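If you're matching them up, the sequences are chains A and B in order.
Residue 2 is where the first sequence starts when you use our numbering, and the numbers rise one by one after that.
Residue 577 is where the second sequence starts when you use our numbering, and the numbers rise one by one after that.
Presented below is the structure to which this report refers.
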Amino acid sequence: MSANRSAARREVYGGPGVGAWGRSHRRAFADAVARLRAAKLATAATLSVFALALLLPLLLGLFLANALRFAGTLDAAREISVFLEAEADAADARRLADAWSARSDVAAVALRTPEEGLAEFKQMSDLAGALDLLDGNPLPWVLVVSPRDAAVADPAALAAALQAEPGVESVQYDAAWRARLDAWLALGRRAVGLLALLLAVGAVLVVGNTVRLDLSQRREEIALLQQLGADDADIRRPLLHFGALLGALAGALALAGVFAIGALLSAPLAELVATYAGGFALAGPGMAEAAAVLAAAASLGWLGARVAAGHYLRTSLPAGS
Amino acid sequence: MPLLRFDAVHKQYPGGRAALQDVSFAVEAGEVLFVTGHSGAGKSTLLKLLHLAERPDRGAVLLEDRNLAAVRGRDIARYRRRVGVVFQDHRLLPHWNVADNVALPLRIAGAPESEVLPRVREVLGRVGLGDRLSALPSQLSTGEQQRVGIARAIVGSPVLLVADEPTGNLDPQLAAEIMGLFLELPERGTTVLIASHDLALIKRTRQRTLVLHEGRLVDDIAAQDLAA
């Protein structure tokens, strides 16, 4: 072979390196887009199934995240109301408040006078008329104790300690309700995680099956490519782009679904929540979370294509290998 | 040093008789060589060995003094990029236009896009299809499709081109035109090996011819002897 022919051949084939690698990926991406556009119906069906598989855990995750946020706003449930004995006066109440404020497991202590208690009671009940008939105010001084973070202090133990203090008539702390809520939220987190895992496997299988069908329809084309010098990576590359593109599109669809459903439920949910704890707005995924969803969905699509292409190439080795 | 050498090559398919038996010959660079014989003589097997679609049981096939037995794994794809192949049934991708079909080997090899189209235009011009770049294969005649197949096989300037009955479906006039294209290739450095059972065409073309019979090389006829 002459030097000129060698040079001409090098010129045609190009040298190995980043340039050829980049070109092969650009061509693979263009091929993937062409595949998506060529089979619109099949693409739409796969995209829908994939998007639904992503939407379900995303929605559950969204509601769980909001439930956690909501639970965090329910500080009232964490507060301990300490009712002093009827004989206790303002000085006794302030002395106890000062003493308890110094405790390491107490974040704050608020004083509520009997007058404040009575006003609140009248406002919250239909007994205003009946209360006016009383000679005096029967309500005691109340100290509202906010425990520190549950990770630092055990509110139940604090409530028990306060109950034992002299001058304390009773302590109100709904520990069981709080514990049940935390248990439900932990269960929800675990269930969403498992569901997401199962649906991710499903999404991988959906993409894998789509790629498998595509490969079976292109069997002759692939054999020709192999005869013309395409190696496994050349065959696989456009399929991986196809899978990743399918995943990213499904992720975008699922995110759009999350935002749409969130917008539809936001108003009635806010009304419901307002009856418990005042202001609360349903928060959708942020930019970073949306990007993570897209990346994860693209990765699932890539993985599905990788599995299907790998299986095909292993079971249809080119002659002579 | 010959470009291509077969040394006592033996090939037998499982459960069948020997497709090739102790076949030895050498081909110099720039030759156009016919391989002929009846159906089952071993022509296709010989071409398959050159394209690494099959492996010999014994003996060696050497291209540029390299034993093809050593070409394994990913090297098979790289090797195939240096050997053009023309199929009897063209094997064009039906949904791709002529230019994209011809460009396929260049794109597989990772050639820059800026060089692909000029190269494709040049090669299609050589086979007389310079004005059919955007046509689909279904819009071409059988002869034109075969020309596209040849353009695809030579676009990467292969060192060797193998063609399996490339004129099998063509009328004599078209067959002669296609042969004319093959005869031009040595000028550009491509050695050509054509399997054909069309003796009349071989005599008209007047090139060195190997005759196979039941897997044995029974004759090696020089070009000048065919002319007699």
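In this text, a Cβ means the ideal position worked out from N, Cα and C, and glycines have one as well.
Bear in mind that the values here come from a model prediction, so they are computed numbers and not experimental data.
7 Å Cβ cut-off: residues of chain A touching residue i
i      : result
B/V678 : Those do not exist, as B/V678 stays about 11 Å from chain A at its closest Cβ, beyond 7 Å.
B/R650 : D232
Top-ranked residue by Cα proximity to residue i, from the options
i      : options                        : result
B/V659 : B/V787, B/D795, B/I726         : B/I726
A/L314 : A/F260, A/R213, A/A264, A/A184 : A/R213
A/D150 : A/E80, A/D133, A/G244          : A/E80
B/R764 : B/L736, B/I770, B/I778         : B/L736
A/E222 : B/R631, B/D801, B/H671, B/D651 : B/H671
A/D215 : A/L241, A/P286, A/A204, A/S267 : A/L241
B/K619 : B/A739, B/E753, B/I778, B/R782 : B/A739
B/G704 : B/L712, B/P748, B/L757         : B/L757
B/D665 : B/L609, B/L759, B/G592, B/T743 : B/T743
B/S690 : A/A21, A/R113, A/D183          : A/A21
B/D747 : B/D796, B/Q722, B/L700         : B/Q722
A/S105 : A/A162, A/A197, A/S82          : A/A162
A/G168 : A/A98, A/G194, A/A111, A/R220  : A/A98
B/L675 : B/G591, B/R780, B/R695         : In the sequence on display, residue 675 of chain B carries Ala and not Leu. For B/A675, the nearest C-alpha among the options comes from B/R695.
B/T767 : B/K587, B/E640, B/R631         : B/E640
Chain-ordered neighbours of residue i on chain B, where CB pairs are closer than 8 Å
i      : result
A/E222 : L669
A/G311 : The contacting residues do not exist; A/G311 stays about 15 Å from chain B at best.
A/D235 : A653, I684
A/A231 : A653, I684
A/R315 : Those within 8 Å of A/R315 in chain B number zero; the least Cβ separation is about 14 Å.
A/L37  : Near A/L37 there are no residues of chain B at all, since even the closest Cβ is about 15 Å away, more than 8 Å.
Environment of residue i [buried if 16+ CB atoms lie within 10 Å]
i      : result
A/R237 : buried
B/Y655 : buried
A/P58  : buried
B/N643 : exposed
B/G613 : buried
A/A309 : buried
A/M288 : exposed
B/Y589 : exposed
B/I652 : buried
A/L188 : exposed
B/V794 : exposed
A/P269 : exposed
B/D707 : exposed
A/A284 : exposed
A/W101 : buried
A/G248 : buried
Chain B contact residues for residue i, given Cβ-Cβ distances below 9 Å
i      : result
A/Q323 : Coverage of chain A is limited to positions 2 through 322, which leaves residue 323 of chain A absent and any answer about it impossible.
A/S267 : Going along chain B, no residue has its Cβ under 9 Å from A/S267, so there is no contact; the nearest lies around 47 Å.
A/R24  : R683, G686, A687, P688, E689
A/R238 : Chain B residues near A/R238: none, gap ~11 Å exceeds 9 Å.
Coil, strand or helix - residue i by DSSP
i      : result
A/G16  : Note that A/G16 scores 47 on pLDDT, short of 50, meaning its location in the model is unreliable; the coordinates nonetheless yield the value given after this. Correct three-state label for A/G16: coil.
B/V735 : coil
B/H789 : strand
A/E170 : strand
A/G287 : coil
B/S600 : strand
A/N210 : helix
B/A617 : coil
B/Q805 : No answer is possible for residue 805 of chain B: it lies beyond the span of chain B, which begins at 577 and ends at 804.
B/F610 : strand
A/R219 : coil
B/L639 : strand
A/G305 : helix
A/L198 : helix
B/G649 : coil
B/F663 : coil
A/P141 : coil
B/A858 : Nothing can be reported for residue 858 of chain B, as the shown portion of chain B is limited to 577 through 804.
B/P632 : coil
A/S82  : strand
A/S147 : strand
A/A4   : In this predicted model, A/A4 has a pLDDT of only 48, less than 50, meaning its place in the structure is not dependable enough to derive any value.
Cross-chain neighbours of residue i in chain B, by beta carbon under 7 Å
i      : result
A/A21  : G686
A/R400 : Any answer about residue 400 of chain A is impossible in this case: the structure gives chain A only from 2 up to 322.
A/L42  : Here the premise fails: no neighbours, minimum Cβ distance about 17 Å.
Contact set between residue i and chain E, taken where Cβ atoms lie within less than 9 Å
i     : result
A/L56 : The structure shown contains no chain E; its protein chains are A and B.
Contained alpha helix (DSSP H) runs [length at least 4] in the region 680 to 705 of chain B, N- to C-terminal order: 689 to 702
Just to confirm the assignment: which complete beta strand (DSSP E) runs, minimum length 3, are found wholly within the region 247 to 272 of chain A? none
In chain order, each beta strand (DSSP E) run of at least 3 residues that lies wholly inside the region 104 to 133 of chain A: 107 to 113
Going along the chain, which unbroken runs of the beta strand (DSSP E) with 3 or more residues stay wholly within the region 743 to 797 of chain B? 767 to 771, 784 to 789, 792 to 797
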